[in-house]
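All you need for our numbering is the position in the sequence shown, starting with 1, plus 8.
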Amino acid sequence: MIQPVFQPCSDTVSYAQVEHIAMLRIDNPPVNGLGDTVRAGLYQGVERAQSDSSIKAIVIFGSGKMFSGGADIRQFNTPKANAKPMLRQVIRKITEMTKPVIAAIHGTALGGGLELALGCHYRVATDEAKLGLPEVNLGLLPGGGGTQRLPRLIGVEAAAKMILNASVVKGQRALDLGLIDAVIKGDLIDGAIDFAKGIVAKGEITHPVIDQRHLVRSESTIAAIRGSLNKKARNARAQSAALDCVAYAGQGDIEAGLDYERSRFEELVSGPESKSLRHIFFAEKQALKVDNLPPEVQASDIRSVGIIGAGTMGSGIAMAFANAGFTVTLCELNQAALDRGMAAIHKNYDITAAKGKLTQQDIQKRLDCIKTSTDMEALSGADLVIEAVFEDMAVKKSVFTELDRVCKQGAILASNTSRLDVNEIAAVTRRPQDVIGLHFFSPANVMKLLEVVRGDKTSNEVIATCMSMAQKIGKTPVLVGVCEGFVGNRMLTPYWREAWFLLEEGASPQQIDSALTRFGMAMGPLAMADLAGLDINWATRKRLAPTRRADLRYSKVADRICEAGRFGQKTGAGFYKYEQGSRTPQPDPAVDDIIRACANEAGIARRSISDDEIVERCMLALINEACWILQEGIAQRASDIDVVYVNGYGFPAWRGGPLFYAETIGWGVVLDKIKQLERAQGGHWTVSRDLTSRVN
Ligand code: T1G
């Protein structure tokens with residue numbers, strides 16, 4: 009491999025010459041983000057190559073893991089984002105070159121990284137390289153010319169779909185699409201230099217992107233794609249704007265298109281949706297980190313997994329691991345329960361196959377990963393055992409006592425409990441350091457969120473292993489502490505409480521749910537309770553009844569609904585009624601009667617309540633509890649709570665999560681409103697020091 013001597017053009021770009029080829033290297037870890045110094049260095053390097061008569065071509069490449077992960081998102085909405093030269097000016101400099109510029113791509117070329125490459129005359133890449141314009145995932149659109157150049161290179165339809173789906177294409181596929189000009193086998197730099205020499209030897213320079221100055225008009229294609237967009241998607245606004253830009257590519261010359269693209273990009277980058285989605289992007293990466301973990305702590309390798317319980321959760325968890333290629337032993341008390349669990353797994357895979365998302369071969373490969381047994385001894389060799397039995401402490405203690413006897417030394421024993429005390433469970437074993445909570449969310453094979461519940465004695469190695477394992481099965485892990493309900497379910501308590509208070513005060517179930525779904529929640533709190541099953545939370549309220557403060561308002565609405573045998577969808581009636589075989593909530597006058605009776609009993613004069621009041625009180629209930637959770641150290645950081653609620657509770661990602669939303673409102677406003685509620689309703693609204701500390 010050639011080893012040229014590089015000289016700096018800027019802090020993050022350096023220049024070298026190999027024979028008559030100029031080499032421009034981007035060196036801006038961790039992802040070669042196209043920040044201000046990268047843009048300045050590239051601009052200067054291209055100018056230098058242009059003015060050097062000994063230079064016949066230029067190769068641009070990235071150091072480290074990739075070509076470039078795109079614009080430096082961390083600089084957005086700061087002066088550096090608009091420091092000259094902007095990406096557009098750098099690319100124009102390249103396109104105006106009389107010498108061919110070749111982008112040599114390895115790792116990833118995403119967003120602005122690919123747009124930089126699109127501005128080059130040619131692109132070469134390794135077979136493993138991944139290329140894409142995923143800006144819509146951040147509530148943005150390709151703002152560096154991607155919506156104008158990609159259609160000119162691979163056609164409007166392919167470009168629109170790649171941009172709107174934020175899809176990534178690899179080496180050979182990129183070559184087939186016409187996105188790159190060659191796949192380089194062997195050393196990329198050597199291959200890129202040879203490619204450049206070949207172009208020089210031909211004595212011609214073409215720029216396929218620029219040379220196609222006008223595209224064939226494509227209204228019908230655009231209209232068809234627009235009709236397929238999901239208007240409720242978290243990035244619907246960005247997708248629509250990106251499609252507008254791609255449509256524009258066919259209408260005017262590229263400069264007009266670039267101006268239009270920039271104007272639409274500016275709208276998005278300064279808007280609340282993109283700021284929220286960028287917050288969630290970084291928050292999900294931050295959530296993977298365990299604060300204060302000693303550097304010597306290493307995650308161990310999980311190869312075999314045991315699952316106790318083949319019910320809804322156990323079978324879903326088994327699928328999550330099998331989908332990732334882990335060997336799973338699913339254990340139940342008896343064959344009939346096992347058969348039911350496996351039947352559910354087969355049914356789920358058949359549904360996925362019917363949607364064309366899995367082939368029968370794929371399904372069989374996954375099913376071959378799942379072994380079954382009615383003998384717990386089958387788990388003796390497992391590296392990780394997850395208990396997913398009935399949500400009852402006595403039952404769980406019994407299972408863990410047996411697991412402690414059966415499982416090998418060093419095996420991780422995890423409970424899928426959704427709110428019970430992991431320390432109490434760990435205490436029945438001789439190995440509390442190996443006991444942890446792994447709170448999956450139903451359906452466990454679909455939902456990304458995994459609350460990793462650290463017990464007081466859980467070892468750092470077990471925590472690190474579970475955080476790492478979670479990512480290997482495609483989950484977003486959030487490390488939480490032990491308390492009633494951990495993070496997500498604990499915040500559900502005041503959220504539901506406020507909804508029940510609002511019912512007594514005059515709102516209907518459908519008004520509450522529609523107000524919150526209009527706010528952006530995937531489901532209203534009452535329909536969600538019906539889906540989850542009202543009996544589970546009823547059992548919790550009965551368990552906690554002895555500790556309930558008598559001085560605090562308590563709504564009996566949910567209890568009375570449960571006492572009527574109405575447990576939600578599972579019984580055909582809860583806060584709503586459900587026709588046979590239907591999951592559609594129908595308002596039920598019987599529930600209105602229960603609500604009125606509870607209001608009368610509580611001496612509450614019912615009134616007309618606005619949707620705004622419903623949303624405000626329910627959101628403030630979430631925010632206030634979240635600040636208590638932070639104060640008690642149950643969550644590592646505020647952004648973790650946003651990750652929990654966006655990924656596990658249907659909070660709209662385009663609002664960034666409960667605490668990012670609070671930032672949007674303003675902590676001073678939040679505090680004032682909660683204080684008003686505390687004066688009106690008393691102790692439920694006691695404010696934490698964490699919240700008051702946020703008011704600057
Ligand atoms: N800018 C700044 N920081 C970034 C970044 C970016 N584009 N991408 C990642 N990081 C941080 C990340 O938060 C983490 O930080 C570290 O880098 C390693 O990331 C003009 C406007 C590139 C595939 O959407 O998909 O270009 O936690 O752990 O697994 O049209 O990061 O270490 O402090 O993910 O190797 C478009 C987003 C931007 C790509 C690398 N680009 N990034 O994955 O590392 S907008 C994207 C990724 C744009 C133009 C528009 C991945 C990756 P920390 P990592 P990785």
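Every residue gets a Cβ at the ideal spot worked out from N, C-alpha and C, and that includes glycine.
Check: Val39 CB to nearest heavy atom of ligand 1 below 7 Å; Outcome: yes
Check: Under 8 Å between C-beta atoms of Ile34 and Thr20; Outcome: yes
Check: Residues that Arg462 bridges to, as DSSP identifies them; Outcome: Ile444
Check: Supposed close pair Pro485, Ala295 - CB separation, criterion 8 Å; Outcome: 7 Å
Check: When Asp299, Phe509, Gly496 and Pro595 are compared against Arg614, the one with the closest alpha-carbon; Outcome: Phe509
Check: Helix, strand or coil at Glu686 [DSSP, three-state]; Outcome: helix
Check: C-alpha distance - Asn655 paired with Met455, whole-angstrom precision; Outcome: 7 Å
Check: Asn145 burial status per 10 Å Cβ neighbour count (16 or more: buried); Outcome: buried
Check: Glu143: CB within 7 Å of a non-hydrogen atom of ligand 1; Outcome: yes
Check: Gly32 versus Ser22 - alpha carbon distance; Outcome: Rather than Gly, the amino acid found at residue 32 in this sequence is Leu. About 6 Å.
Check: CA-to-CA distance, Asp567 to Pro280, given in whole angstroms; Outcome: 39 Å
Check: Distance cut-off 7 Å: Leu126 Cβ against heavy atoms of ligand 1; Outcome: no
Check: Under the three-state DSSP convention, the category Glu136 falls into; Outcome: coil
Check: Identity of the residue in Ala507, Val191 and Asn453 nearest Lys483 by Cα; Outcome: Asn453
Check: Integer-rounded CB distance, given that Leu50 should sit under 8 Å from Ala112; Outcome: No, Ala112 and Leu50 are not in contact; Cβ-Cβ is about 14 Å, not under 8 Å.
Check: Three-way DSSP call (helix, strand, coil) for Cys606 in this model; Outcome: helix
Check: Best match in Val403, Gly532, Val678 and Val490 for proximity to Asp698 [C-alpha to C-alpha]; Outcome: Val678
Check: Cys17 in three-state terms, based on DSSP; Outcome: coil
Check: Beta-ladder partner(s) of Leu338, from DSSP; Outcome: Ile315 and Thr380
Check: Coil, strand or helix - Pro533 by DSSP; Outcome: helix
Check: Ordered list of alpha helix (DSSP H) runs contained in the stretch 492–565, each at least 4 residues; Outcome: 496–513, 517–527, 533–540 and 542–552
Check: Gln417 - DSSP class collapsed to helix/strand/coil; Outcome: coil
Check: Proximity winner among Lys363, Lys373, Ser406 and Ala345, relative to Thr382 (alpha-carbon distances); Outcome: Ala345
Check: Assigned secondary structure, Thr437 (DSSP; H/G/I helix, E/B strand, else coil); Outcome: coil
Check: Per DSSP, the bridge partner or partners of Pro485; Outcome: Leu458
Check: Backbone secondary structure at Leu699 - three-state DSSP; Outcome: helix
Check: Residues near Lys578 by beta carbon distance below 6 Å, same chain, minus five either side; Outcome: Gly541
Check: Inter-residue spacing [alpha-carbon to alpha-carbon] between Gly152 and Asn468; Outcome: 44 Å
Check: DSSP-derived helix/strand/coil call for Phe69; Outcome: strand
Check: For Ile622 and Leu638, the rounded distance between their alpha carbons; Outcome: 25 Å
Check: Three-state secondary structure assigned by DSSP to Gly576; Outcome: strand
Check: Alpha-carbon spacing of Phe334 relative to Ser312, whole angstroms; Outcome: 6 Å
Check: Beta-bridge partners of Thr116, as assigned by DSSP; Outcome: Lys138
Check: Rounded distance between the beta-carbons of Glu399 and Leu428, thought under 8 Å; Outcome: 7 Å
Check: Span of the alpha helix (DSSP H), counted from its first residue to its last, around Lys373; Outcome: Gln368 to Leu375
Check: Presumed contact (8 Å Cβ cut-off) between Gly322 and Leu338, rounded CB distance; Outcome: 7 Å
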